[in-house]
Amino acid sequence: PHGAPDEHFSGADVHGRLAALIKEAVSAVRLFLSPEESDDPPSLAKRHFLQTGYGFYFISPNKGNAKESLALMPLSKPRERLMLRALNRYGTGPDGCVQAWLSLPHSMRVFYPHAYCSRVWNDAAAHRLSTMGLGVRQGDLVWTQTGQKRTEGTGETACPQVLLPMPGNSVKYPENAMRTWYQERLAGDGLAECRFRVSSLKLNLPGCYRPLLAIPHNLSYQLRRAAFSHGAKKQESVTESPTLSLNFDLDSSCYATICLREIMKCET
Numbered sequence: 276p277h278g279a280p281d282e283h284f285s286g287a288d289v290h291g292r293l294a295a296l297i298k299e300a301v302s303a304v305r306l307f308l309s310p311e312e313s314d315d316p317p318s319l320a321k322r323h324f325l326q327t328g329y330g331f332y333f334i335s336p337n338k339g340n341a342k343e344s345l346a347l348m349p350l351s352k353p354r355e356r357l358m359l360r361a362l363n364r365y366g367t368g369p370d371g372c373v374q375a376w377l378s379l380p381h382s383m384r385v386f387y388p389h390a391y392c393s394r395v396w397n398d399a400a401a402h403r404l405s406t407m408g409l410g411v412r413q414g415d416l417v418w419t420q421t422g423q424k425r426t427e428g429t430g431e432t433a434c435p436q437v438l439l440p441m442p443g444n445s446v447k448y449p450e451n452a453m454r455t456w457y458q459e460r461l462a463g464d465g466l467a468e469c470r471f472r473v474s475s476l477k478l479n480l481p482g483c484y485r486p487l488l489a490i491p492h493n494l495s496y497q498l499r500r501a502a503f504s505h506g507a508k509k510q511e512s513v514t515e516s517p518t519l520s521l522n523f524d525l526d527s528s529c530y531a532t533i534c535l536r537e538i539m540k541c542e543t
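Residue numbering for the sequence shown follows the numbering used here, starting at 276 and increasing by one per position.
Quick look at the structure:
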């Protein structure tokens with residue numbers, strides 16, 4: 276089971292990654308600083324930045340309140356603080372928003388578009404399994420000893436090592452219905468012509484290939500009985516309940532929560 280849990284892709288974060296990909300630095304910053312629906316300190320600081328009526332250049336140039344919002348932002352939010360500090364220094368116009376993104380270390384900056392591409396891959400995998408199954412179909416990219424290749428001929432095989440591309444500027448797409456799915460998905464997100472390079476933000480996303488099915492390695496298990504107490508102290512009773520302990524290794528880009536969800540057939 277490949278992919279990331281759904282909680283890694285939520286609300287404004289997904290759109291922030293998307294806006295960064297299509298070079299809309301101002302929209303990306305605005306969405307990055309969108310507050311959650313709560314009154315926790317980070318959300319209060321973000322809300323203060325956006326709700327004053329002049330947080331961004333298209334409302335009133337060069338009058339952002341990044342300094343006040345920075346004072347409200349907790350020290351535990353280093354990315355938000357770096358951005359607000361840059362906005363306070365360079366302004367909230369297009370150039371200032373570019374500088375705000377560049378204030379983040381590259382590993383942080385590339386996380387957002389990379390996570391968007393991972394979300395696309397997750398959705399592609401779900402669509403592939405629901406519409407075409409697990410077996411290799413004509414036009415698929417499949418894993419071989421020497422790398423990836425498309426299957427030839429008209430037959431189908433039982434090989435499970437189907438590859439799906441994660442969008443980028445150096446990947447090839449399957450020559451079947453999945454190619455159309457990728458095209459429609461990216462076009463729907465405004466990325467039909469995207470080359471996955473944003474030179475102003477020093478971002479380059481080559482993409483990669485991930486197996487549709489990932490198999491855990493070195494799997495071991497142990498069934499135990501654990502004692503649980505329940506009830507009031509004076510009438511406490513002890514019962515034994517079976518517990519299953521699992522140990523396994525996963526390849527990169529795989530998540531244990533997704534593996535456990537497939538085993539238990541329940542939401543993680």
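Note that CB positions come from ideal geometry on N, CA and C, so glycine has one too. Just so you know, these numbers come straight off a predicted model, no measurement behind them.
Asked                                                                                                                                   : Found
L525 lies in the beta strand (DSSP E); which residues open and close that run?                                                          : Taken as a continuous stretch (DSSP letters only), L525 belongs to no beta strand (DSSP E), as it is neither H nor E.
Would you call the stretch 446-458 and the stretch 342-359 in contact, with 3 or more CB pairs under 8 angstroms?                       : no
How big is the Cα-Cα spacing for A433 and V417?                                                                                         : Bear in mind that a pLDDT of 45 at A433, under 50, signals an unreliable position, so the number given afterwards is only what the model happens to contain. Answer to the nearest angstrom: the Cα atoms are 11 angstroms apart.
By Cβ distance, which residues of its chain are closer than 6 angstroms to Y457, with the 5 residues on each side in sequence left out? : Y448
Compare the Cα-Cα distances from Q436 to each of T518, D415 and P349 and report the closest residue.                                    : D415
With distances taken between CB atoms, is the gap from A531 to E515 smaller than 8 angstroms?                                           : no
Rounded to the nearest angstrom, how far is the Cβ of L521 from that of Y496, given a contact under 8 angstroms?                        : 5 angstroms
Going by the CB atoms, is the gap between L362 and A375 shorter than 8 angstroms?                                                       : yes
On the DSSP bridge list, what partners appear for A501?                                                                                 : S516
Helix, strand or coil for I397 per DSSP?                                                                                                : According to the sequence as given, residue 397 is Asn; it is not Ile. If DSSP states are grouped into helix, strand and coil, N397 belongs with the helices.
Please report the residue range of the beta strand (DSSP E) in which P486 lies.                                                         : C483 to P486
How long is the line joining the alpha carbons of A489 and L525, rounded to whole angstroms?                                            : 8 angstroms
Is there contact here, the stretch 382-391 with the stretch 469-479, by at least three beta-carbon pairs under 8 angstroms?             : yes
Out of A300, V411, S313 and F324, which one is the CA nearest neighbour of D370?                                                        : A300
Suppose you measure from the CA of R322 to the CA of R403; what does that come to, to the nearest Å?                                    : 40 angstroms
Is the beta carbon of M348 closer than 8 angstroms to that of V304?                                                                     : no
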